[in-house]
Amino acid sequence: MTLFNAALAASPGGPQIQRLSLAAGQAQQDLVFELSAELGGGESRVVFAALRSTVPLSAIELLDPLQRRVWRKTPAQLGLTPRALAQHPELGEAIVLPELRLPQAGRWRLRLERAQPLKPGGQVLFSFRHLPRYELSLTALSTEPASGQVQNYVLRPADFGAPVLGLGELALVLQDASGQTVPVPAARERLRTPAGLLISDEPGAYISRFALPAAGAYRLRARQQFQGGRFAEAELKLEAGGGVLAAGAPLRLERIRLERQGECAQAAVLEIGLEVASPGLYAVTVLLLAGPSSRQLSRSAQLPAGKASLPISVPASVLRELGGPPSRIARLGLVRFGPDQAGPVAELLDLALSAEQQAMFKALCPG
Numbered sequence: 000m001t002l003f004n005a006a007l008a009a010s011p012g013g014p015q016i017q018r019l020s021l022a023a024g025q026a027q028q029d030l031v032f033e034l035s036a037e038l039g040g041g042e043s044r045v046v047f048a049a050l051r052s053t054v055p056l057s058a059i060e061l062l063d064p065l066q067r068r069v070w071r072k073t074p075a076q077l078g079l080t081p082r083a084l085a086q087h088p089e090l091g092e093a094i095v096l097p098e099l100r101l102p103q104a105g106r107w108r109l110r111l112e113r114a115q116p117l118k119p120g121g122q123v124l125f126s127f128r129h130l131p132r133y134e135l136s137l138t139a140l141s142t143e144p145a146s147g148q149v150q151n152y153v154l155r156p157a158d159f160g161a162p163v164l165g166l167g168e169l170a171l172v173l174q175d176a177s178g179q180t181v182p183v184p185a186a187r188e189r190l191r192t193p194a195g196l197l198i199s200d201e202p203g204a205y206i207s208r209f210a211l212p213a214a215g216a217y218r219l220r221a222r223q224q225f226q227g228g229r230f231a232e233a234e235l236k237l238e239a240g241g242g243v244l245a246a247g248a249p250l251r252l253e254r255i256r257l258e259r260q261g262e263c264a265q266a267a268v269l270e271i272g273l274e275v276a277s278p279g280l281y282a283v284t285v286l287l288l289a290g291p292s293s294r295q296l297s298r299s300a301q302l303p304a305g306k307a308s309l310p311i312s313v314p315a316s317v318l319r320e321l322g323g324p325p326s327r328i329a330r331l332g333l334v335r336f337g338p339d340q341a342g343p344v345a346e347l348l349d350l351a352l353s354a355e356q357q358a359m360f361k362a363l364c365p366g
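This is the structure:
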């Protein structure tokens with residue numbers, strides 16, 4: 000006996016979930032799902048979550064809208080995780096279903112065949128997402144940065160879920176609340192700082208770095224053309240605050256001094272100057288570079304509003320780990336903690352250390 004479920008219509012992008020009961024004596028169950036032709040201009044894909052079943056299945060068959068068999072496989076051929084090893088074992092065994100690419104519109108069927116139909120019944124959980132072939136995502140560390148705070152804006156174009164490489168520069172359009180366009184740099188793959196420091200080696204990540212010029216609402220948009228004239232768009236709504244960092248007082252390295260014990264210099268101390276507009280718990284992080292080696296140090300403190308200085312000690316043991324004195328600070332960052340206004344506050348990248356500053360590290364006694 001074969002039973003059918005009501006067709007599950009896919010809304011673009013969102014997960015579609017069915018939970019079905021299999022009765023004792025029921026040999027087959029058809030899971031019916033409907034796909035629209037509009038999504039992706041006719042070029043789309045279906046991504047299935049693992050099929051969960053509390054009853055053993057002998058075979059699974061996929062039928063297209065014309066009732067033609069696309070594939071028929073056993074759970075072992077598809078990829079079976081036994082109930083005892085699967086996450087949430089109460090849902091039963093987990094069976095991997097392959098992605099469906101460029102499906103035609105209409106009603107599709109996933110036919111389940113039970114291994115032991117006369118045994119007691121059980122439950123089946125079925126879930127999928129209908130996605131366009133070409134996608135474009137746009138992300139940022141914070142959608143509510145302080146005005147003047149530089150951060151990364153990352154575009155990730157994808158074809159069938161895989162990153163698309165080698166697109167060159169991807170244009171970004173930033174508009175303020177009045178609709179006025181604010182110039183911003185294009186996003187580029189493997190973006191580097193002016194001194195050549197690689198910001199990210201993630202394949203297919205196109206990065207633009209800039210700061211919102213003033214407090215207020217902004218809209219950041221991108222539109223990318225793919226093969227065959229297909230387009231994908233992405234948008235990010237931003238709200239720039241007045242800034243936790245006080246105006247005109249950027250995060251900075253003020254000086255490097257030696258910490259002595261007797262006649263021996265035990266550590267070099269980085270004096271980090273900053274000025275914050277509101278009191279709270281803050282942390283400063285420093286990423287030191289010496290050739291191919293790096294080491295990150297940090298210091299946190301409860302700070303009042305106004306000017307402050309946070310010392311970060313660099314002992315001789317760090318120099319041994321680096322293989323020598325650092326030549327530059329790859330990143331100097333300020334982070335705020337707390338229930339409100341938590342997150343990155345300011346960041347400086349690729350600060351070269353002068354010969355005099357490097358000599359301070361060389362003066363440390365060997366550990």
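The sequence shown: position 254 = 253 (this note's numbering), numbered continuously.
Ideal Cβ placement from N, Cα and C applies to all residues, glycine included.
Residue from the options whose Cα sits closest to the Cα of residue i
{"i": "P88", "options": "A362, R155 and V123", "result": "V123"}
{"i": "E253", "options": "F230, K236 and L273", "result": "L273"}
{"i": "D175", "options": "E201, A221, G215 and L50", "result": "G215"}
{"i": "Q357", "options": "S52, A304 and A266", "result": "A266"}
{"i": "R278", "options": "Q301, R259 and L286", "result": "Looking at the sequence provided, one finds Pro at residue 278 rather than Arg. For the residues Q301, R259 and L286, the minimum Cα distance to P278 belongs to Q301."}
{"i": "E112", "options": "L321, V54, A351 and S35", "result": "V54"}
{"i": "G165", "options": "P324, F225 and F32", "result": "F225"}
{"i": "S312", "options": "S177, L333 and I255", "result": "I255"}
{"i": "L348", "options": "A315, F209, G167 and A170", "result": "F209"}
{"i": "S35", "options": "S43, D29 and Q28", "result": "S43"}
{"i": "L352", "options": "L309, A49, A362 and I328", "result": "I328"}
{"i": "R259", "options": "A315, A221, A231 and K236", "result": "A315"}
{"i": "T284", "options": "P325, A157, S293 and S299", "result": "S299"}
{"i": "S207", "options": "G147, E238, L62 and P184", "result": "P184"}
{"i": "L280", "options": "V317, L333 and P74", "result": "L333"}
{"i": "F47", "options": "P97, A231 and A83", "result": "P97"}
{"i": "L50", "options": "L84, L77, V69 and V95", "result": "V95"}
{"i": "T138", "options": "A186, P81 and A75", "result": "A186"}
{"i": "S293", "options": "P303, T73 and R319", "result": "R319"}
{"i": "T73", "options": "L101, R110, Q66 and L321", "result": "R110"}
Extent of the continuous beta strand (DSSP E) run through residue i
{"i": "Q223", "result": "G215 to Q224"}
{"i": "T138", "result": "Y133 to A139"}
{"i": "I328", "result": "R327 to F336"}
{"i": "D29", "result": "Q27 to L34"}
{"i": "Q150", "result": "Q150 to D158"}
{"i": "A186", "result": "A186 to E188"}
{"i": "P14", "result": "P14 to L21"}
{"i": "I206", "result": "Y205 to F209"}
{"i": "Q174", "result": "V172 to D175"}
Residue i versus residue j: straight-line alpha-carbon distance, rounded
{"i": "L197", "j": "L190", "result": "6 Å"}
{"i": "L288", "j": "E60", "result": "56 Å"}
{"i": "C263", "j": "C364", "result": "6 Å"}
{"i": "L56", "j": "Q295", "result": "52 Å"}
{"i": "R335", "j": "I271", "result": "15 Å"}
{"i": "L331", "j": "S297", "result": "10 Å"}
{"i": "A26", "j": "P131", "result": "35 Å"}
{"i": "F127", "j": "G240", "result": "39 Å"}
{"i": "F360", "j": "V268", "result": "9 Å"}
{"i": "Q28", "j": "L135", "result": "37 Å"}
{"i": "V243", "j": "K236", "result": "With a pLDDT of 48 at V243, under the threshold of 50, the modelled position of that residue is not reliable, and the figure given next carries that caveat. V243 and K236: Cα-Cα distance of roughly 20 Å."}
{"i": "A233", "j": "A170", "result": "12 Å"}
{"i": "L99", "j": "D200", "result": "30 Å"}
{"i": "I16", "j": "S177", "result": "41 Å"}
{"i": "A93", "j": "V45", "result": "18 Å"}
{"i": "Y217", "j": "Y205", "result": "20 Å"}
{"i": "Q223", "j": "L79", "result": "38 Å"}
{"i": "A362", "j": "L309", "result": "22 Å"}
{"i": "P162", "j": "L154", "result": "10 Å"}
{"i": "L117", "j": "S52", "result": "16 Å"}
{"i": "K306", "j": "Q148", "result": "18 Å"}
{"i": "L211", "j": "E346", "result": "14 Å"}
{"i": "L30", "j": "R68", "result": "14 Å"}
Endpoints, alpha helix (DSSP H) assigned at residue i
{"i": "S312", "result": "From DSSP, S312 is part of no alpha helix (DSSP H) but of the beta strand (DSSP E) over G305 to P314."}
{"i": "E355", "result": "A354 to K361"}
{"i": "P74", "result": "P74 to L77"}
Residue i: CB within 7 Å of a non-hydrogen atom of the ligand FMN
{"i": "L62", "result": "Within the structure as shown, the ligand FMN is missing, as the structure has no ligands at all."}
Residues of its chain near residue i, where Cβ-Cβ distance is below 6 Å and the 5 sequence neighbours each way are ignored
{"i": "A23", "result": "P119 and G120"}
{"i": "R251", "result": "G272"}
{"i": "T180", "result": "Q174"}
{"i": "R18", "result": "L124"}
{"i": "R220", "result": "V172 and E234"}
{"i": "G323", "result": "A289"}
{"i": "E188", "result": "Y205"}
Proximal residues to residue i (C-beta, below 7 Å), its chain only, five neighbours per side dropped
{"i": "G40", "result": "R229"}
{"i": "P64", "result": "Q103, G105, R106 and W107"}
{"i": "L71", "result": "Looking at the sequence provided, one finds Arg at residue 71 rather than Leu. Closer than 7 Å at the Cβ level, and outside the excluded window around R71, lie A58 and E60."}
{"i": "L140", "result": "Q150, N151 and P343"}
{"i": "A114", "result": "P55, L56 and S57"}
{"i": "E143", "result": "E238 and G240"}
Length-filtered (3 minimum) beta strand (DSSP E) runs lying within the region 239-297: Complete beta strand (DSSP E) runs here, min 3: 251-260, 263-275 and 279-289.
Complete beta strand (DSSP E) runs within the region 47-130 (minimum length 3 residues, chain order): Fully enclosed beta strand (DSSP E) runs of 3 or longer: 50-52, 56-62, 68-72, 92-94 and 105-113.
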